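Encoded as structure tokens, the structure appears first; notes follow it.
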Amino acid sequence: MRRYSVVICGGGSTYTPDMLELLCYSQKEFPLRKVVIYDIDEKRQAPIGEYGKILFWDYYEGVDFSYTTDKKEAFEDIDFAFVQIRAGGTELRNYDEKIPYRYGCIGQETCGAGGLAYGIRSVVQMIELIQDIRKWSPEAWIINYSNPAAIVAEATKRVFPEDKKLINICDMPTQIMDSYLPLVGKKRNQIEPRYFGLNHYGWFTGLIDKETGQDLLPEILKICKNRPQEVRDSLAKMYAGDKHWGGTFQEHLNMVLDYPYSLPSTYCLYYLYPDTCYRHYSSEHTRYDEVLAGRGSNVKKYCDAIIKLGRMKGTEYDISAHINAEAKSISEATSSTIAYNDVHAAYLIELAISIINNRNDICLVMVKNNGIVPNLNPEMMLEAACRIGKQGIEPLAIGEVPLFEKGLLENQFASESLLVSAIFEKSYQKLLQAFAVNRIICDTDRAKNILKDFMEANGKYWPEFTR
Ligand code: NAD
Ligand code: G6P
Ligand code: MN
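Anchor point for the sequence shown: position 29 equals 30 in my numbering, and the numbering is continuous, going up by one each time.
Here is the structure:
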């Protein structure tokens, strides 16, 4: 039996502990020989690394687990690189979200001005990281979660056009499926999605029952329309422990009711209801503050407690607190997670398993349009349903999309594509255009003001826009 080696880049990420625990659970389907976590921030990664040592000692015989800040040690002899870095760290996330509020528009990690600012840092660091991984492991599968994934995908498409083993993904569509499929009594491993859009700006067009071939989306939309309170209650129960995502899914349902013919991404809220989204936060308090106090501090406390104890098995930190060992599939195994995101690790590992077994599951990943949606720009990196196997990703055709979605997407593509060109060409003109054309920013003077503050806050994390 072949055993695989994995590096997690962004070892200090809040999502790493859940990923490590799920790797321990998945050992039958995804057998490992080596796991290394890699970060540029030694101090941030160390507690997760020390906790990881205890975890693997207790739950995974024969795996060589380590943590490092050394690239050679991290990237040599690797079969899979799972990437979840935050270029500039949480400190700059704070600016991404706060600065736009100074000028009256939404500050968000991946949408609008904040997403564009983060996009610049991410593109620069992701390209370097991919080149480093390829230097030591040219054949490794690189599966990237790092945001803003749409912008990262646009840049990696241009720099690594022939790299068939580089895949950009997002866990949001999976989370949406898990939120609405219970209405028709289904689990996501029973269905195949159909979806189109840019990342964090897309729509489900079908949810096909694998057994019967029936599309369940019309039935789900009918339930939303006819029995909205039932759906509201179901979502409220599901997200009872999480104010932010609980509120987001209530607003998501409102959006479904306004456009009751498809199931959009929750992130469409930022573009379609900017006034409501704007009111959630302020220049003093944004999602960054919530994450810092919530997921950020929980993960640190969790690792520190386990390090102090020196073991997990048989203690209150036993892996069974998060993972049901009796579960029939990975998608059903996580009962509660440390980062409060049940699908993040599961979706990634399901993808890896589909690849190693050439299972050709239909998953949503980012891929060059090239006719998937013939009435959208062929260069767009669409998030769409693809067969995933050893040969790589093969997209399924979607067909033409309506004018409303086409208009929104072409606008966003202009913004993201201009941004990537601005980075590569060091062009301030294109940078300004990327910001001004963005639906959430809208105004040239506002774009100039935001850019001025962002340049100061980002310092060396941004290239100089000299042309
Ligand atoms: P985090 O800030 O807690 O962790 C990110 C880690 O990356 C930090 O430890 C940081 O030191 C490290 N890092 C930064 N630059 C690096 C580099 N160049 N090389 C190696 N390590 C580096 O962030 P988080 O909230 O845990 O999220 C991690 C990333 O995953 C973010 O980009 C986030 O947006 C993304 N994410 C994406 C999805 C998705 O749907 N695509 C879902 C969840 C998280
Ligand atoms: C979802 C999105 C991600 C995002 C994550 C966390 O899973 O798909 O792209 O990074 O939420 O967002 P948060 O605001 O909680 O850090
Ligand atoms: Mn995402």
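Just so it is clear, CB atoms sit at the ideal spot from N, CA and C, and this is done for glycine as well. Every value quoted in this text rests on a predicted model; they were computed, and no experiment measured them.
Quiz item: Terminal residues of the continuous alpha helix (DSSP H) containing M20?
Solution: Along the sequence shown, one-based indexing puts residue 20 at 19. Note, M20: alpha helix (DSSP H), 17–26.
Quiz item: alpha helix (DSSP H) containing M456: first to last residue?
Solution: Counted from its first residue, the sequence shown places residue 456 at position 455. From DSSP, the alpha helix (DSSP H) with M456 extends over 445–459.
Quiz item: So is the beta-carbon of Q85 under 7 Å away from any non-hydrogen atom of the ligand NAD?
Solution: In the sequence shown, counting from the first residue as 1, residue 85 sits at position 84. Yes, the beta carbon of Q85 sits closer than 7 Å to at least one heavy atom of the ligand NAD.
Quiz item: Who are the Cβ neighbours of E291 in its own chain at under 7 Å, not counting the five residues just before and after it?
Solution: For the purposes of this step, residue 291 is taken as residue 290 along the sequence shown, with counting starting at 1. Contacts found: H245.
Quiz item: Applying the criterion that 16 or more other CB atoms from any shown protein chain within 10 Å of the CB defines a buried residue, is P403 buried or exposed?
Solution: For the purposes of this step, residue 403 is taken as the residue at position 402 of the sequence shown. Its Cβ having fewer than 16 others within 10 Å, P403 is exposed.
Quiz item: Can you find a heavy atom of the ligand NAD that lies under 7 Å from the Cβ of Y102?
Solution: Within the sequence shown, the letter at position 101 stands for residue 102. No, Cβ of Y102 sits at least 7 Å from all heavy atoms of the ligand NAD.
Self-check item: Reduced DSSP category for N255 - H, G, I as helix; E, B as strand; rest coil
Solution: To locate residue 255, count along the sequence shown from 1; it is residue 254. If DSSP states are grouped into helix, strand and coil, N255 belongs with the helices.
Quiz item: Grouping DSSP H, G and I as helix and E and B as strand, with all else coil, what is L397?
Solution: Your numbering for residue 397 matches position 396 in the sequence shown. Coil at L397, not helix or strand.
Quiz item: With a CB to CB cut of under 7 Å and the five nearest residues on each side skipped, what residues in its chain are close to V344?
Solution: Within the sequence shown, numbered from 1, the residue matching residue 344 stands at position 343. Cβ within range, chain order: D172, T175, Q176, D179.
Self-check item: beta strand (DSSP E) segment containing W142, residue limits
Solution: For the purposes of this step, residue 142 is identified with residue 141 of the sequence shown, where counting begins at 1. Here the beta strand (DSSP E) through W142 covers 142–145.
Practice problem: Report all residues for which the CB-ligand distance to some heavy atom of the ligand G6P is below 7 Å; order them along the chain. | Solution: E110, T111, N148, A150, C171, D172, M173, Q176, H201, H245, R288, V292, R296, N342, H345
Exercise. Answer yes or no: the CB of T277 versus the heavy atoms of the ligand NAD, is any distance below 7 Å?
Key: Here residue 277 is taken as the residue at index 276 of the sequence shown, counted from 1. Every heavy atom of the ligand NAD is 7 Å or more from the Cβ of T277, so no.
Practice problem: Kindly indicate if chain B contains any beta-carbon less than 8 Å away from that of D259. | Solution: Of the protein chains in this structure there is only one, and it is not chain B.
Quiz item: Is there contact between the stretch 278–294 and the stretch 94–111, where contact requires at least three CB pairs shorter than 8 Å?
Solution: yes
Quiz item: What separation, rounded to the nearest whole angstrom, lies between the Cα atoms of Y96 and P149?
Solution: The residue you call residue 96 lines up with position 95 of the sequence shown. The residue you call residue 149 lines up with position 148 of the sequence shown. Rounded to the nearest angstrom, the two C-alpha atoms are 15 Å apart.
Quiz item: Is the beta carbon of G90 within less than 7 Å of some heavy atom of the ligand NAD?
Solution: The sequence position of residue 90 within the sequence shown is 89, counting from 1. It does: the Cβ of G90 is within 7 Å (strictly closer) of some heavy atom of the ligand NAD.
Quiz item: If we count the other Cβ atoms within 10 Å of its Cβ and call it buried at 16 or more, is Q132 buried or exposed?
Solution: For the purposes of this step, residue 132 is taken as the residue at position 131 of the sequence shown. The residue is exposed, with fewer than 16 neighbouring Cβ atoms inside 10 Å.
Quiz item: My guess is that V84 and C10 are in contact by the Cβ rule of under 8 Å, so how many angstroms apart are they, rounded?
Solution: As a first step, residue 84 must be located in the sequence shown, where it is residue number 83. As a first step, residue 10 must be located in the sequence shown, where it is residue number 9. Indeed they touch by this definition, with Cβ atoms about 4 Å apart.
Quiz item: Near I307, what residues of its chain come up, given a Cβ to Cβ distance below 7 Å and the 5 sequence neighbours on each side ignored?
Solution: Your numbering for residue 307 matches position 306 in the sequence shown. Cβ within range, chain order: Y52, I55, M313, Y318.
Quiz prompt | Reference A435; option with closest CA among V64, Y348, L419, G311 | solution = Within the sequence shown, the letter at position 434 stands for residue 435. Ranking V64, Y348, L419, G311 by Cα distance to A435 puts L419 first.
Practice problem: List the whole-angstrom C-beta distance separating P261 from L222, where the pair is believed to meet the contact cut-off of C-beta under 8 Å. | Solution: Sequence index remark: in the sequence shown, residue 261 carries index 260 (1-based). Sequence index remark: in the sequence shown, residue 222 carries index 221 (1-based). That belief holds up - the Cβ atoms of P261 and L222 are roughly 6 Å apart, short of 8 Å.
Quiz item: Are S355 and G390 touching if we call contact CB-CB under 8 Å?
Solution: Taking the sequence shown and counting its residues from 1, one reaches residue 355 at position 354. Taking the sequence shown and counting its residues from 1, one reaches residue 390 at position 389. Yes; because the gap between Cβ atoms is below 8 Å, this pair is in contact.
Quiz item: Would you report the Cα separation of Y5 and N169, rounded to the nearest angstrom?
Solution: As a working note, residue 5 is residue 4 in the sequence shown. As a working note, residue 169 is residue 168 in the sequence shown. Between Y5 and N169, the C-alpha separation is close to 20 Å.
Practice problem: Consult DSSP for D276 and reduce its assignment to one of helix, strand or coil. | Solution: If you number the sequence shown from 1, residue 276 lands on position 275. In this structure, D276 counts as helix in the three-state DSSP scheme.
Quiz item: Are H253 and T111 closer than 8 Å when you measure CB to CB?
Solution: Against the sequence shown, residue 253 aligns to sequence position 252. Against the sequence shown, residue 111 aligns to sequence position 110. Not closer than 8 Å, so no.
Exercise. Could you tell me whether any non-hydrogen atom of the ligand NAD is closer than 7 Å to the CB of G11?
Key: As a first step, residue 11 is located in the sequence shown; it is residue number 10 there, counting from the start. True, at least one ligand heavy atom lies under 7 Å from that Cβ.
Quiz prompt | Exposure of Q413, with buried meaning 16 or more beta-carbon neighbours within 10 Å | solution = Counting from one through the sequence shown, the residue named residue 413 turns up at place 412. Buried: at least 16 other Cβ atoms inside 10 Å.
Quiz item: Which whole-angstrom value describes the C-beta separation of Y274 and Q109, a residue pair presumed to lie in contact below a C-beta threshold of 8 Å?
Solution: On the sequence shown, position 273 is the one that residue 274 refers to. On the sequence shown, position 108 is the one that residue 109 refers to. 13 Å between Cβ atoms; not a contact.
Quiz prompt | Three-state class that DSSP yields for A75 in the structure shown | solution = Residue 75 sits at position 74 when you count from the first residue of the sequence shown. Helix, per DSSP.
Exercise. Can you give me the Cβ contacts of L258 inside the same chain, cut-off strictly under 8 Å, excluding the 5 residues immediately before and after it?
Key: Position 257 of the sequence shown holds residue 258. Excluding sequence neighbours, L258 sits near C225, K226, P229.
Quiz item: Excluding five sequence neighbours on each side, which residues of the same chain lie with their C-beta closer than 8 Å to the C-beta of L33?
Solution: As a position in the sequence shown, residue 33 is number 32, starting the count at 1. Excluding positions up to five away in sequence, the list reads R4, Y5, S6, V7, L24, Y61, V64.
Self-check item: For M367: DSSP bridge partner residues
Solution: Along the sequence shown, read from residue 1 onward, the residue named residue 367 stands at position 366. Paired residue(s): E384.
Practice problem: Can you tell me the Cβ-Cβ gap for L349 and I144, rounded? I've got them flagged as a contact below 8 Å. | Solution: Sequence index remark: in the sequence shown, residue 349 carries index 348 (1-based). Sequence index remark: in the sequence shown, residue 144 carries index 143 (1-based). Right, their Cβ atoms sit about 6 Å apart.
Quiz item: In angstroms, rounded to a whole number, what distance separates the CA positions of V300 and Y279?
Solution: For the purposes of this step, residue 300 is taken as residue 299 along the sequence shown, with counting starting at 1. For the purposes of this step, residue 279 is taken as residue 278 along the sequence shown, with counting starting at 1. Near 28 Å, if we compare the C-alpha coordinates of Y279 and V300.
Quiz item: Taking all protein chains shown into account, do 16 or more other C-beta atoms lie within 10 angstroms of the C-beta of Y2, making it buried, or fewer, making it exposed?
Solution: Here residue 2 refers to the residue found at position 1 when the sequence shown is read from its first residue. In the sequence on display, residue 2 carries Met and not Tyr. When all chains shown are included, M2 counts as exposed.
Quiz item: Are E163 and M382 close, meaning C-beta to C-beta below 8 Å?
Solution: Indexing the sequence shown from 1 puts residue 163 at position 162. Indexing the sequence shown from 1 puts residue 382 at position 381. No, the Cβ-Cβ distance between E163 and M382 is not below 8 Å.
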